[in-house]
Amino acid sequence: MTGLLQDGAMPAGPLLSVDALCVQFDLPGAKATLKAVDGVSFEIGRGEIFGLIGESGSGKSSVARAIMRLAPIAAGAITLAGTRLDQLQGRELRRHRRRVQMVFQDSSDSLDPRMTVRQAIAEPLRMQDAPPADAGGLVASLIQRVGLDESHLDRKPHTLSGGQKQRVNIARALALSPELLVCDEAVSALDVSVQAGIINLLLSLQQELGISVLFISHDLGVVAHLADRVGVMYLGRLAEVASAEALTSRPRHPYTEALLAAEPEPRPSTHRAARPPLIAGEVPSAANPPSGCRFRTRCRYVRERCAAEQPPLRPVDGGGLVACHFAEELVLEGRRA
Amino acid sequence: MMAERPALVVRNLEVSFLTVDGEVQAVRDVSFEVGRGEIVGLVGESGSGKSATALAIMGLLPVVSSRVRGSAMVSGVDMLALSPRQLARVRGRDMGMIFQEPMSALDPLFRIGDQIAETVRAHQRVSRRAAAARAVEILGEVGIPDAASRSRAYPHQLSGGMRQRVMIAMALVSEPAVLIADEPTTALDVTVQAQILGLLRRLSRDHGTAVVLITHDLGVVAETCSRIHVMYSGEIVEACGVDEALLAPEHPYTSALIQCIPRAGRHRQPLHSIPRRRGSSPDVRPSGCRFLPRCAHAAEICKAPQPLLDLGDRAVRCVRHDQLALPGAVERVPQ
Chain X
166 MTGLLQDGAM PAGPLLSVDA LCVQFDLPGA KATLKAVDGV SFEIGRGEIF
216 GLIGESGSGK SSVARAIMRL APIAAGAITL AGTRLDQLQG RELRRHRRRV
266 QMVFQDSSDS LDPRMTVRQA IAEPLRMQDA PPADAGGLVA SLIQRVGLDE
316 SHLDRKPHTL SGGQKQRVNI ARALALSPEL LVCDEAVSAL DVSVQAGIIN
366 LLLSLQQELG ISVLFISHDL GVVAHLADRV GVMYLGRLAE VASAEALTSR
416 PRHPYTEALL AAEPEPRPST HRAARPPLIA GEVPSAANPP SGCRFRTRCR
466 YVRERCAAEQ PPLRPVDGGG LVACHFAEEL VLEGRRA
Chain W
256 MMAERPALVV RNLEVSFLTV DGEVQAVRDV SFEVGRGEIV GLVGESGSGK
306 SATALAIMGL LPVVSSRVRG SAMVSGVDML ALSPRQLARV RGRDMGMIFQ
356 EPMSALDPLF RIGDQIAETV RAHQRVSRRA AAARAVEILG EVGIPDAASR
406 SRAYPHQLSG GMRQRVMIAM ALVSEPAVLI ADEPTTALDV TVQAQILGLL
456 RRLSRDHGTA VVLITHDLGV VAETCSRIHV MYSGEIVEAC GVDEALLAPE
506 HPYTSALIQC IPRAGRHRQP LHSIPRRRGS SPDVRPSGCR FLPRCAHAAE
556 ICKAPQPLLD LGDRAVRCVR HDQLALPGAV ERVPQ
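If you read the sequences in order, they're chains X and W.
The first sequence lines up with residues 166 to 502 when you count with this note's numbering.
The second sequence lines up with residues 256 to 590 when you count with this note's numbering.
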């Protein structure tokens, strides 16, 4: 309903707003639930690339799937330019689905091996209520937009390289002119030389089409390079949200500091900080998370209050948000310039 | 320095696979050595032949569909000349291997302590009790907390990082001279990766194990290895010290690979990528330099076959290496 009000009006405010999102899965057998996402809030501005980083079990993919309405939303709101995506049902949901499109990690699994590239890109257009008159021309311009050419249109996926397939997936996601592109580990399976090309493509799409991107990855280096702002997730919650530059040069959460320290630096020993890993152990199970601050079991700055009280995500000086009771006191080390 | 014989000496290794389209060469003219207590990186992208090199040295390639030539000397014995039976005896004892996915190396039906003890008894004449004690000891050494009770766990009861530690324990329990680690941390979270790389460094130093670390990640090499061998399309294109490669690469592929990685201070600037030129296919290899179709510095002379040039402390497969001032991982201050 609110979506109708927005039609034609000049948009204001963020494009996407995620508010206190909870995603919950029932564990088979055991009478328990797993809170994959537990109270996550963030916004993505128009034309912004927002990065979401976290290790396995952090819930970053569940956030993406909730936005796509592919995961069960237990609580919270997801609003895309005034439309409550989380409340849409049936026909309405289908009508709004085109506004958010997703690119996945596995570029092969997302393409039907029997379809040509032309058919794959045209498919979303064909599924619309009113297919565009010049679908053929649109497909041709899309394939060029992602850095391939028309000679690729009549090929089948198996004749393409991994990078080319991912470009086709992006063209296909762009076919319906979405407002938000959700990339879940979209470059993680690619060789670095190919990954660099896809990162460049996403940057140019943002600059030229003004598209907003939610870019999810476990690779801090890639996220920090591409994103305007970055959210760091740990065990279903946001630990920190800040601009990519502030996050890497001056982290405010101990987990962000530990991630930066663990990142292997491809630099000669003379230009590398010889730091021991800052955290031991592994991420605890999301089925039975620690009380209070979820990072406390691995945090080297842990104090009594951390077990008793859950730190809220709150603003700190410098413009970022952090969920740590002691953010003001801690002097944390960022990346070496 | 050279008084001691290297733990692993690979000479002129060639690997090809027999396919329906004929024989396809995966590895060509690969030679390198690894000293005691040294960690050497074998780096390349998919299709570079780095894993085929590892599997060939371990004698793990299928006999029917592959052909391996050359030699791989471990403790004076050529691994490539052994019969399958002889190989089974040395594998695990003189040479261990760890893989990306630990579940593929662990048997889901047996407790991890029993699996390690079985490895011990396969190579040493010791009692069951002694083997079990040795298993607990090595599990503790690779950083498994509460090793005695964890040794009774089944693989599925452990996290990915713990399974990787178990695989390392199993590979090292017989104190092999050589350990081949094929993408050992690729499937792990970055904080766990840092712990496992630290563990490999410590074990290699303490036990003098020679480690061949196979990875696509230059960061992992920088943090772990002393020397690097960069592979492209089945060949070593550059071999030198890790710092030298990162500071002043001499092969265009090494330099391009470094430039592809996002780096601090260049936020949102276009990254260097290595485009696959039209018409170039990994199946069709040029007779000259194999990197030629993708090289930004290609010249007429590159169409001739390129030998690996020995420059003393470095080897480069590029005839133009001394004419190019290629960028490395840090800005070079003009002198």
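Glycine included, every Cβ here is placed at the ideal spot set by N, Cα and C.
Neighbourhood of L368(X) in chain W, by CB distance below 8 Å: R523 and P525, in chain order.
DSSP places K196(X) outside both helix and strand once states are collapsed to three, so it counts as coil.
Across the set G416(W), D276(W), S330(W) and R376(W), the C-alpha of G416(W) shows the shortest separation from the C-alpha of G446(X). Minimum Cα-Cα distance from R440(X) among the listed residues V448(X), L424(X), A231(X) and A452(X) corresponds to L424(X). In this structure, L581(W) lies away from S528(W), with their beta-carbon atoms at least 7 Å apart. Leaving aside the five residues that flank R545(W) on each side, the residues in its chain whose CB is nearer than 7 Å to its CB run, in chain order, Y487, S488 and E490. The beta-carbon distance between A424(W) and L455(W), rounded to whole angstroms, is 12 Å. This is too long to meet the 8 Å contact definition. Annotation for A336(W): S326 place their beta carbon closer than 8 Å to its own, counting only its chain and skipping 5 residues before and after. Counting other Cβ atoms within 10 Å of its Cβ, E288(X) stays below 16 and is therefore classed as exposed.
In this structure, G327(X) is the residue among S182(X), A404(X) and G327(X) with its C-alpha nearest to the C-alpha of E300(W). In this chain, Y409(W) is not harboured by any alpha helix (DSSP H), its DSSP state being neither H nor E. Listed by position along chain X, the residues whose Cβ is nearer than 7 Å to that of P317(W) form an empty set, because the closest Cβ is around 24 Å away. With contacts defined by Cβ atoms closer than 7 Å, V329(W) and R482(W) do not form a contacting pair. Put simply, the CB of P548(W) is far from chain X, with every gap to its CB atoms at 7 Å or more. Beta-bridge partners of D184(X) (DSSP): A242(X).
In the same chain as L199(X), and ignoring 5 residues on each side of it, the C-beta atoms closer than 6 Å to its own belong to F190, L192, A451 and A452, in chain order. In the DSSP assignment, I353(W) falls within the unbroken beta strand (DSSP E) covering M350 to I353.
DSSP places E396(W) inside the alpha helix (DSSP H), whose first and last residues are R383 to E396. Comparing alpha-carbon positions, the option among R501(X), L403(X), L367(X) and G301(X) lying closest to V387(X) turns out to be L367(X). Annotation: the continuous alpha helix (DSSP H) that includes H378(W) extends over I367 to H378.
E493(X) and R211(X) have their C-alpha atoms roughly 31 Å apart. Pairing A340(X) with I286(X) gives a Cβ-Cβ distance under 7 Å.
Sorting G216(X), T248(X), M398(X) and L217(X) by C-alpha distance to the C-alpha of G178(X) places T248(X) at the top. Contact of S414(W) with chain X is assigned, a C-beta pair being separated by under 7 Å. Interface with chain W (7 Å Cβ-Cβ cutoff): S434(X) is included. Using a CB distance cut-off of 7 Å, I529(W) counts as an interface residue toward chain X. Around the beta-carbon of M292(X), fewer than 16 other beta-carbon atoms lie within 10 Å, marking it exposed.
If you compare the alpha carbons of S271(W), L566(W), P541(W) and G567(W) with that of E555(W), the shortest gap goes to P541(W). Take the alpha-carbon of L443(W) and the one of D299(X): they are about 47 Å apart. For T509(W), there are no C-beta contacts with chain X under 7 Å, since the nearest C-beta of that chain is about 11 Å from it. According to the DSSP assignment, Q266(X) belongs to the beta strand (DSSP E) that extends over V265 to V268.
By the criterion of at least three beta-carbon pairs nearer than 8 Å, the segment 253-268 of chain X is in contact with the segment 333-349 of chain X. In the DSSP assignment, A307(W) falls within the alpha helix (DSSP H) that extends over K305 to I312. Membership of M292(X) in any alpha helix (DSSP H) is not indicated, and neither H nor E is assigned to it by DSSP.
Cα atoms of A309(W) and E478(W): separation of roughly 21 Å, rounded to the nearest angstrom. Residues of chain X with a Cβ closer than 8 Å to the Cβ of I513(W) are, in chain order, P431.
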